[in-house]
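**Q** As you go down the protein sequences, you meet chains A and B in turn.
Residue 1 is where the first sequence starts when you use the UniProt record's numbering, and the numbers rise one by one after that.
Residue 1 is where the second sequence starts when you use the UniProt record's numbering, and the numbers rise one by one after that.
The C-beta atom is built at its ideal place from N, Cα and C for all residues, glycine as well.
It should be emphasised that the depicted structure is a prediction, and the values quoted were computed from it without experimental measurement.
There are 2 protein chains.
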Amino acid sequence: MGPGPINVHPRVLRAMSADMLGQFDPEMTGYMNETMSLYRQVFMTRNHWTFLVDGTARAGIEAAMVSLVEQGSRVLIVRAGRFGLLLSEIAERLGADIRTLDLPWGEVATPDQIEEALKVHRPQVFACIHGDTSTTMAQPLEGVGALCRKYDVLSYVDATATLGGVPVCVDQWEIDVVSGGLQKCMGGPPGSAPITISDRAAEFIMSRRHVEAGIRGTDQTNGGRSRIPSNYFDLAMIMDYWSEKRLNHHTEAATMLYGAREAARVVLEEGLEVRFARHRSASGALIAGLRAMELSIFGDDAHRMANVTGVWIPESVNGEAIRSVMREDFGIEIGTAFGPLAGRIWRIGTMGYNACKPNVLTTLGALEAALASGGFNCSRGAAIDAARAAWR
Amino acid sequence: MGPGPINVHPRVLRAMSADMLGQFDPEMTGYMNETMSLYRQVFMTRNHWTFLVDGTARAGIEAAMVSLVEQGSRVLIVRAGRFGLLLSEIAERLGADIRTLDLPWGEVATPDQIEEALKVHRPQVFACIHGDTSTTMAQPLEGVGALCRKYDVLSYVDATATLGGVPVCVDQWEIDVVSGGLQKCMGGPPGSAPITISDRAAEFIMSRRHVEAGIRGTDQTNGGRSRIPSNYFDLAMIMDYWSEKRLNHHTEAATMLYGAREAARVVLEEGLEVRFARHRSASGALIAGLRAMELSIFGDDAHRMANVTGVWIPESVNGEAIRSVMREDFGIEIGTAFGPLAGRIWRIGTMGYNACKPNVLTTLGALEAALASGGFNCSRGAAIDAARAAWR
Chain A
1 MGPGPINVHP
11 RVLRAMSADM
21 LGQFDPEMTG
31 YMNETMSLYR
41 QVFMTRNHWT
51 FLVDGTARAG
61 IEAAMVSLVE
71 QGSRVLIVRA
81 GRFGLLLSEI
91 AERLGADIRT
101 LDLPWGEVAT
111 PDQIEEALKV
121 HRPQVFACIH
131 GDTSTTMAQP
141 LEGVGALCRK
151 YDVLSYVDAT
161 ATLGGVPVCV
171 DQWEIDVVSG
181 GLQKCMGGPP
191 GSAPITISDR
201 AAEFIMSRRH
211 VEAGIRGTDQ
221 TNGGRSRIPS
231 NYFDLAMIMD
241 YWSEKRLNHH
251 TEAATMLYGA
261 REAARVVLEE
271 GLEVRFARHR
281 SASGALIAGL
291 RAMELSIFGD
301 DAHRMANVTG
311 VWIPESVNGE
321 AIRSVMREDF
331 GIEIGTAFGP
341 LAGRIWRIGT
351 MGYNACKPNV
361 LTTLGALEAA
371 LASGGFNCSR
381 GAAIDAARAA
391 WR
Chain B
1 MGPGPINVHP
11 RVLRAMSADM
21 LGQFDPEMTG
31 YMNETMSLYR
41 QVFMTRNHWT
51 FLVDGTARAG
61 IEAAMVSLVE
71 QGSRVLIVRA
81 GRFGLLLSEI
91 AERLGADIRT
101 LDLPWGEVAT
111 PDQIEEALKV
121 HRPQVFACIH
131 GDTSTTMAQP
141 LEGVGALCRK
151 YDVLSYVDAT
161 ATLGGVPVCV
171 DQWEIDVVSG
181 GLQKCMGGPP
191 GSAPITISDR
201 AAEFIMSRRH
211 VEAGIRGTDQ
221 TNGGRSRIPS
231 NYFDLAMIMD
241 YWSEKRLNHH
251 TEAATMLYGA
261 REAARVVLEE
271 GLEVRFARHR
281 SASGALIAGL
291 RAMELSIFGD
301 DAHRMANVTG
311 VWIPESVNGE
321 AIRSVMREDF
331 GIEIGTAFGP
341 LAGRIWRIGT
351 MGYNACKPNV
361 LTTLGALEAA
371 LASGGFNCSR
381 GAAIDAARAA
391 WR
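1) So, are the CB atoms of A:A263 and A:G187 less than 9 Å apart?
2) Tell me which residues of the region 248-259 of chain A have at least one Cβ-Cβ distance to chain B shorter than 8 Å, keeping chain order.
3) List the residues of chain B that A:E333 touches, going by C-beta distances under 7 Å, in chain order.
4) Confirm, please, whether the CB-CB distance from B:T160 to B:A57 is below 9 Å.
5) Determine whether the beta carbon atoms of B:M36 and B:G81 lie at a separation below 9 Å.
6) Closer than 8 Å by beta-carbon distance: list the chain A residues that pair up with residue 430 of chain B, in chain order.
7) Within the same chain, show all residues whose beta-carbon is closer than 6 Å to that of B:L52, passing over the 5 residues directly before and after it, in chain order.
8) Could you check whether B:S198 and B:W49 sit closer than 9 Å to each other, using their CB atoms as the reference points?
9) I want to verify the contact list: residues of chain B whose CB lies under 7 Å from the CB of A:Y232, in sequence order.
10) Please go through the region 243-295 of chain A and give each complete alpha helix (DSSP H) segment of 4 or more residues, from N-terminal end onward.
11) Jot down the residue ranges of each uninterrupted beta strand (DSSP E) in the region 32-94 of chain A, minimum 3 residues, whole runs only, in chain order.
12) Note down the Cα distance separating B:Q113 from B:V153, rounded to an integer number of angstroms.
13) B:S67 CB to nearest chain A CB: under 9 Å?
14) Between A:T251 and B:G181, what straight-line distance do the alpha-carbon atoms span, to the nearest angstrom?
15) If we ignore side chains and look at the alpha-carbon of each, how far apart do A:M20 and B:P190 end up?
16) Would the beta-carbon of B:L367 fall within 9 Å of that of B:I297?
17) Would A:I228 and A:S73 be called neighbours here (beta carbons separated by less than 9 Å)?
18) Report yes or no: do the region 200-211 of chain A and the region 383-391 of chain A share at least 3 C-beta pairs separated by less than 8 Å?
19) Going by DSSP, what residue range makes up the alpha helix (DSSP H) through A:G310?
20) Relative to the C-alpha of A:L94, which residue among A:P111, A:E115, A:M65 is closest?
21) Answer with yes or no whether the minimum CB distance from residue 394 of chain A to chain B is below 9 Å.
22) Return the Cβ separation of B:G55 and A:Y232 in integer angstroms, given the expectation that the two are a contact with Cβ distance under 8 Å.
23) Three-state secondary structure (DSSP) at A:G22?
24) Excluding sequence positions up to five away, which residues of its chain have a Cβ less than 7 Å from the Cβ of A:V69?
25) Near A:D176, which residues of its chain fall below 6 Å by C-beta distance, leaving aside the five closest residues on each side in sequence?
26) Just to confirm my understanding: we take B:V317, look at its own chain, exclude 5 residues before and 5 after, and list those with CB closer than 6 Å. What are they?
27) According to DSSP, which residues form a beta bridge with A:F126?
28) Could you please give the first and the last residue of the uninterrupted alpha helix (DSSP H) stretch that includes A:S198?
29) What do you reckon, are the CB atoms on A:V166 and A:L286 nearer than 9 Å?
30) Report yes if the CB atom of A:V168 is closer than 9 Å to the CB atom of A:M305, and no otherwise.
31) How should A:V120 be labelled, buried or exposed, when 16 other C-beta atoms within 10 angstroms of its C-beta is the threshold for buried?
32) According to DSSP, simplified to helix, strand and coil, what is A:I348?
33) Would you please verify whether the beta carbon of A:Q183 is less than 9 Å from any beta carbon of chain B?
34) With a 10 Å radius around its C-beta and 16 neighbouring C-beta atoms as the bar for buried, classify A:K245 as buried or exposed.
35) Using 9 Å as the threshold, is the C-beta distance between B:L364 and B:G289 below it?
36) Would A:H130 and A:L118 be called neighbours here (beta carbons separated by less than 9 Å)?
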């Protein structure tokens, strides 16, 4: 019950024990096409270019950044948590001219702040994190894509922590590139990063295209812009691989593709709206329970993610000792924190397969028992009753 | 029965249907340590730094190159096939000063040629491919590491196609960094890249270390050399994650780790020498069968890999039509080829779980039937008899 990876849906686990197919076997390329179609629905987009990057969620982030941000180009990054810092640390390595909109951990940027920063810095690329698990807050994105288009800026958002649990409305928000992961609300394992790319961003990326020697055919022209400084994360080459050209790049990680495909099937069979509501109910009940235990919740209710909740560690207890009791006596993991919040909050996930009554109620019961044995007084049983009442 | 990915060992498939563990759960970090120990045995090395890169085999190649090759530094690359070209294409993107030892596809470099090139070019890094599936040839590496040390050069070899099927003697060869994959002789799926790093290479890489903002503690000093231009492939950060410090980087792809661990356990339970002999027997029998069919084998017997065999497509048949018959009527895939060999040879794998009598014999039978229906005359049954005799 940490901030991810979380328990994987049993159907996804089973799908990942299927044997390999040759990478250009029509059955395999059929699965690739089907996966593109499933993730268009998950991302709520009509973007043709919707596929998987082979690596963890961080691989999707790096692929987006390295393909969109040229050396010396100006990038505006919202930094309000650990993963905002990751975006600027990747941009630094790319030699970008980095401008930042910095906020204290736990806050989000307003549309006015974003527009002002776009006007002042005039970047080529805007980048931010949708839900940052390090702070448990979600950046509102309604209108942000339109603002970026107004100033002729390509927009990129990482939605690893929210995809499949909280609305990620790619087309409605008009964000150009959105990346995700499986190990949070998608109920899958870490190791595959779904990504979606608008036509205008794809056109930009294709202008940086250079086909690899040894597989270059006479019809494979290269674009005019600077070459993408990574081969593995060259989205132009990865698009060629996922296109009907099937130009060989990496060897698709078939097991992860099976898992990503099955995770999307499970999500869509449940229905996105039903699933979002289930995440809201589970985190709402968790919060009601935590408050009934007289614990304080971190951050502002208005921008809280529905799938991971920060809770202040009471001063009278040793946070790590409580986590150990929960893990050792109850087999339940809750998360620690990073940076300015390290040692100050726990992070409890209600994601994917775990966003359900049994897991929320047993977590509350275990936390209560661990706190009581750690010397923190609370009314026994109140948390579970409050959580059940919240569900009703 | 192509050049990989190939059928995965059933134990590996089952291991990959296990549920997730928290990334810092002691059970998970225990599996990580165990995986390091298993791959030291697979790589025949005592290198402490032996772990997994989260991505396909190509991710391991890029991680090695980006961590070893600084912008402007001189790198000597042996290019005798598609994957040698890949090394120079990655080095180009890194802004390296590239020197090459170019050979026709199907040839290998002699120690004298390598020493001469080291003397002429005086590189900082030497890089080559051990077994290049595009040519089916293995580069002899005995003495190559010692030559590199004589000229104070860091050496890097990719052994994706040979690891677990053909001897990869990291310590005996004194190669500094060796990367691999699972989807060839290891009998696993694509998506995880084992890598091993000598202490002297680790020292160099650590001199390029820069700890990520947001998780930087006061004891985390940075090295003096140029920063590695990728975050995801920064081997210094990945080593910190696999070290007892457990500094957070990516979220380990647990499913792939389970698969990599189980693949190594299967390999080591069989025994490396027994396994190498099984690959030699299987490819020897395959070649005997192909020759009994009056087909010509590509390349030179002395440097042929024991796990993938190139065979000239007879001029009288349509190579792709034969492959289709084999796939559709027999459920057997054999490989096509790249670059100068495209359309001229087929590549047939005898790797991992597939390096066994039933698979070799049914492949020969299927190829014979497909060739006969395609108008190529050969003595029916001769291939299978010759292959069985070779095994005896």
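**A** The relevant details are as follows:
1) Between A:A263 and A:G187, the C-beta gap is smaller than 9 Å, which places the two residues in contact.
2) Residues of the region 248-259 of chain A whose Cβ lies closer than 8 Å to any Cβ of chain B, in chain order: N248, H249, H250, T251, E252, A253, A254, T255, M256, G259.
3) Here the neighbours are G22, D25.
4) Between B:A57 and B:T160, the CB-CB gap stays under 9 Å.
5) Cβ distance not < 9 Å, so B:M36 and B:G81 don't count as in contact.
6) Outside the modelled stretch of chain B, which goes from 1 to 392, sits residue 430 of chain B, for which no answer is possible.
7) Closer than 6 Å at Cβ, skipping near neighbours: S192, P194, A260.
8) It is a contact, given that the beta carbons lie within the stated cut-off.
9) At a beta-carbon threshold of 7 Å, the residues of chain B lying near A:Y232 are G55, R58, A59, E62, ordered along the chain.
10) Runs of the alpha helix (DSSP H) inside the region 243-295 of chain A: 254-270, 272-292.
11) Within the region 32-94 of chain A, the complete beta strand (DSSP E) segments of 3 residues or longer fall at 49-53, 74-79, listed in chain order.
12) When only Cα atoms are considered, B:Q113 and B:V153 end up about 16 Å apart.
13) By this cut-off, B:S67 is not an interface position.
14) In this structure, the straight-line span from the alpha carbon of A:T251 to that of B:G181 is close to 10 Å.
15) Using only the alpha carbons, I get a separation of about 9 Å.
16) By the CB criterion at 9 Å, B:L367 and B:I297 fall outside the cutoff.
17) Their beta carbons are not under 9 Å apart, which means A:I228 does not touch A:S73 by this criterion.
18) Contact check between the region 200-211 of chain A and the region 383-391 of chain A: fewer than three CB pairs, one atom from each, fall below 8 Å, which does not count as touching.
19) Membership of A:G310 in any alpha helix (DSSP H) is not indicated; the residue belongs instead to the beta strand (DSSP E) covering 308-312.
20) Selection A:P111, A:E115, A:M65 evaluated against A:L94 yields A:M65 as nearest (Cα-Cα).
21) Since the first residue shown for chain A is 1 and the last is 392, residue 394 of chain A is missing from the structure and cannot be characterised.
22) Right, the Cβ-Cβ distance comes to about 7 Å (below 8 Å), so this counts as a contact.
23) Residue state, collapsed to three classes: coil.
24) If the five residues before and after A:V69 are omitted, its C-beta is found closer than 7 Å to the C-beta atoms of V75, A91, L94, A96, V125, all from its own chain and listed in chain order.
25) Around A:D176: L154, S155, S198, A201.
26) For B:V317, where only same-chain residues beyond five positions count, the Cβ hits under 6 Å are G374, F376.
27) Per DSSP, the beta bridge partners of A:F126 are A:L76, A:S155.
28) No alpha helix (DSSP H) contains A:S198, which DSSP labels as neither H nor E.
29) Taking 9 Å as the cut-off, the Cβ atoms of A:V166 and A:L286 do not count as close.
30) No, the pair does not count as a contact, with Cβ atoms beyond the cut-off.
31) That one is exposed.
32) In the three-state DSSP reduction, A:I348 falls in the strand class (E or B).
33) Chain B contact via Cβ: present.
34) The C-beta of A:K245 has fewer than 16 other C-beta atoms within 10 Å across all chains shown, which makes the residue exposed.
35) Yes, Cβ-Cβ distance for B:L364 and B:G289 is below 9 Å.
36) No, these two residues do not count as a Cβ contact at 9 Å.
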